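Asker:
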Amino acid sequence: MSVACNTVKMADKNGDLSFFNQESTQWRDIPKEPIAYAPKKETIMLVGGLTILQDKLIETALHSIGENFVALPNPDFESFQKGKAFGNRGQCNPTYFTVGNLVKYLQNLRDEKGISAEEIVKKYVFVTAGGCGPCRFGMYITEYKKALRDAGLDGFRITSFEHDKGIFQESDEESLLNLSPTFFIALVKAILIGDILNLLGYKMRPYEIETGSTDKALETCRVIVSDAFEQKKNLTKALWSCRKILAEVKLNRLQPKAKVLVMGEFWAAMTEGDGNYNLHRFLEAEGAECIPQPVMNRLMLSIWEAERKLTKKDELAVETDKKVDFSSMKTRLLIKLAKAAVKTHFTIYAKAIGLHDYEIPNMEKLAALSEQYYTLDCEGGEGHLEVAHLIESVKDNLSHLTISVKPFGCMPSSAVSDGVQSLVTNRFPSANFLAIETSGEGAANFYSRVQMALFKAKQLAKEEFEALSLPEHTPEKVHNYLYQPHNAQAGTAAKLVKSLGNF
Ligand code: SF4
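Whatever position you read off the sequence shown (first residue = 1), add 9 for the numbering used here.
What follows is the structure, encoded as structure tokens:
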């Protein structure tokens, strides 16, 4: 029998011979050779992974505090293919899209811009949110390192802040990231303003009279806000000037359009590109109005989880007759301050630009809605929020269709969408709910399932609008329609007709 040169024959304890490869070792995520990295002031930080607008605003917000950040382009199908080529098998597709996107960007620097792989490794760092899972999220950083090593960029640095620790990060002198309150305040401001602009875009675009006018106005607003960040001008004033620009976009809101709540796994529901087959834009093209999930919802969930952990810790201390830890009181106070700051900034910015009818999610209400279906202690993915959003959507008639988007193989979201939501939809039979997977491929199947669910949603939007606006409906019929609890209007056009005081 021939034996490869790097293998030797050895005997096991029974004396049997087996093949043993001496060169195989466990994976180590440290570079094979020591690397002399560029000093901090010459280092370029790469970020990405939120919406297109937010990534760009984060870039300028962090520039404004002296940090050298560059936003990556939006991940596309090529990113996904690179992620699959260089990543491990069996990952969820946000991993493939985001890891592949970084590989694609760096390969482009090397091949198109002529920067050597050695220089890229020394000068660039990717910054991401980290965490311990409990799903694959906990393995993202290792995945990045593995893929980059296999792509010829061994030793490329990935650094992270804990996504659930907010301003309470551990940072030291040596740390590449200056995780100061200033850093987080700039970051959160950019995220909140990005959320507000995105929410306005989704409310306006379906009703615009001139195609593309909303996006054009939003881009002007982005430039104004970026300029305000860079020049350290008043952001509220900048948003006030955006308000005038948005007000010039001509809209016809008297079009009965199906309202579709898009939720699900954080990245899959939020991304705006091939990562979810451009779901939001597809829905708009099919005549729907989307209700997206702002990043702020995830922020509020993290704050709520942190508060809950502290409460449980204190309760345990009381039960076991241990002294209540007074340092936790300080943390609790800081969390409350952080929560108040997020809410206040969001409200001020939203009012300044003219986003009036948006309610910051009430985390206690959402927890109460979902508690009997899904444990509040499970923190993977969106935790109990998916269940809560569906129930809230039915009870408060927020949408005509709720879509839960989840990446193929997503552990937390599959358990919720395929398992728990079947009980919810049984108990709330009027729910028009579609749980759908994204795999990076198979767009035709995805679109046709969305179209089928959307058909019913469009009918519902039309019916509620006609009940209010058609002259042949007698006042009695309209009254009966309106005041049955399940018949309150979800659609923008119907709400508008009702608010005009016709009924
Ligand atoms: S929530 Fe799902 S898709 Fe997101 S990282 Fe975890 S396993 Fe992957």
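Heads up, the beta-carbon is just placed ideally off N, CA and C, and yes, glycines get one too. Predicted model only: the values in this text are computed from it and were never measured.
Examine the Cβ distances between the region 90-102 and the region 65-74 and report whether three or more of them are shorter than 8 angstroms.
Answerer: Segments in contact, no.
Asker: In the DSSP output, which residue or residues are listed as bridge partners for R119?
Answerer: Note: R119 sits in no beta bridge, so no partner.
Asker: Which term fits E51, buried or exposed, when burial requires 16 or more other beta carbons within 10 angstroms of its beta carbon?
Answerer: Under this definition E51 is an exposed residue.
Asker: Does the beta carbon of T356 fall short of 8 angstroms from some heavy atom of ligand 1?
Answerer: No.
Asker: Would you mind giving the Cβ-Cβ distance between A476 and L410, rounded to the nearest angstrom? I have them listed as a contact below 8 angstroms.
Answerer: Between L410 and A476 the Cβ distance is about 19 angstroms, and since that is not below 8 angstroms, they are no contact.
Asker: Under the three-state reduction of DSSP, which class applies to I445: helix, strand or coil?
Answerer: Strand.
Asker: Less than 8 angstroms separating the Cβ of P48 from some heavy atom of ligand 1?
Answerer: No, since every heavy atom of ligand 1 falls outside the 8 angstroms radius drawn around the Cβ of P48.
Asker: Should W276 be listed as close to ligand 1, given that the test is whether its C-beta is under 8 angstroms from any heavy atom?
Answerer: Because some heavy atom of ligand 1 lies under 8 angstroms away, the Cβ of W276 counts as near it: yes.
Asker: For G449, is the beta carbon positioned less than 8 angstroms from some heavy atom of ligand 1?
Answerer: Not under cutoff, so the answer is no.
Asker: Would you please state the rounded distance, in angstroms, between the beta carbons of I67 and A199? I believe it to be under 8 angstroms.
Answerer: Confirmed, Cβ separation roughly 5 angstroms.
Asker: Assign E182 to buried or exposed, taking buried as 16 or more other Cβ atoms, counted over all protein chains shown, within 10 Å of its Cβ.
Answerer: Because E182 sits at a pLDDT of 45, beneath the cut-off of 50, its placement in the model cannot be relied upon, and the following sentence gives the value as read from the coordinates. E182 comes out exposed.
Asker: Is C101 near F417, with beta carbons less than 9 angstroms apart?
Answerer: Taking 9 angstroms as the Cβ cut-off, C101 and F417 qualify as a contacting pair.
Asker: Tell me, please, which residues DSSP counts as bridged to C299.
Answerer: DSSP lists V269 as partners of C299.
Asker: Compare the Cα-Cα distances from L260 to each of D283, G221, C230, V269 and report the closest residue.
Answerer: If we check each option's Cα against that of L260, G221 comes out closest.
Asker: Hey, which unbroken runs of the alpha helix (DSSP H) at 4 residues or more fall wholly within the region 386-425?
Answerer: Whole alpha helix (DSSP H) segments, 4+ residues: 394-404, 420-423.
Asker: Using a Cβ-Cβ cutoff of less than 8 angstroms, which residues in the same chain neighbour S180 once the five nearest sequence positions on both sides are dropped?
Answerer: Per-residue confidence for S180 stands at a pLDDT of 49, beneath the threshold of 50, marking its modelled position as unreliable; the derived number appears in the next sentence. Hits under 8 angstroms: L186, N187, L188, S189.
Asker: Less than 8 angstroms between C-beta atoms, sequence neighbours within five positions excluded: which residues of the same chain meet that for N285?
Answerer: Hits under 8 angstroms: A277, A278, V414, T447.
Asker: How would you call E401, buried or exposed, if buried means at least 16 neighbouring beta carbons within 10 angstroms?
Answerer: By the 10 Å Cβ count, E401 comes out buried.
Asker: Return yes when the Cβ of D323 is within less than 9 angstroms of the Cβ of G449, no when it is not.
Answerer: Not a contact, by the Cβ cut-off of 9 angstroms.
Asker: Determine the direct distance from the alpha carbon of A359 to that of I202, and round the result to whole angstroms.
Answerer: I202 and A359: Cα-Cα distance of roughly 8 angstroms.
Asker: Short check: CB of E274 to CB of P438, under 9 angstroms?
Answerer: No, the pair does not count as a contact, with Cβ atoms beyond the cut-off.
Asker: Between the C-alpha atoms of N97 and S422, what's the straight-line distance to the nearest angstrom?
Answerer: Answer to the nearest angstrom: the Cα atoms are 21 angstroms apart.
Asker: Indicate the three-state DSSP secondary structure (helix, strand or coil) for V433 in the structure shown.
Answerer: Helix, per DSSP.
Asker: Given a cut-off of 9 angstroms on the beta-carbon distance, is the pair N83 and I53 in contact?
Answerer: Not a contact, by the Cβ cut-off of 9 angstroms.
Asker: Is S311 buried or exposed, if buried means 16 or more other CB atoms sit within 10 Å of its CB?
Answerer: With 16 or more Cβ atoms within 10 Å of its Cβ, S311 is classed as buried.
Asker: Assuming contact is defined by CB atoms lying nearer than 9 angstroms, are L196 and I362 in contact in what I supplied?
Answerer: Against a cut-off of 9 angstroms, the Cβ pair of I362 and L196 comes out as no contact.
Asker: Return the Cβ separation of A502 and Q264 in integer angstroms, given the expectation that the two are a contact with Cβ distance under 8 angstroms.
Answerer: Indeed, because the Cβ distance is near 6 angstroms, the residues count as touching under 8 angstroms.
Asker: Classify L55 as helix, strand or coil using the three-state DSSP reduction.
Answerer: Note: L55 maps to strand in three-state DSSP.
Asker: So F192 is in the alpha helix (DSSP H); what residue range does that whole segment cover?
Answerer: Element bounds for F192: 190-213.
Asker: Just the C-alpha distance for A453 and N207, rounded to the nearest angstrom, thanks.
Answerer: Straight-line Cα distance between these residues: approximately 27 angstroms.
Asker: With burial defined as no fewer than 16 other Cβ atoms inside 10 Å of the residue's Cβ, what is the status of I218: buried or exposed?
Answerer: Counting Cβ neighbours within 10 Å, I218 comes out exposed, since fewer than 16 surround it.
Asker: Just how far apart, CA to CA, sit Q35 and L463?
Answerer: Cα to Cα, the separation comes out at about 49 angstroms.
Asker: Output the boundary residues of the alpha helix (DSSP H) element that contains F522.
Answerer: No statement about residue 522 is possible, as the shown extent of the chain runs from 10 to 512 and does not include it.
Asker: Ordered along the chain, which non-local residues of its own chain (more than five positions away) have a Cβ less than 8 angstroms from that of E281?
Answerer: Hits under 8 angstroms: T60, I61, N83, N287, H289, R290.
Asker: Is the separation between the beta-carbon of F442 and that of L399 shorter than 9 angstroms?
Answerer: Yes, they are a contact pair.
Asker: For C101, is the beta carbon positioned less than 8 angstroms from some heavy atom of ligand 1?
Answerer: The answer is yes for C101.
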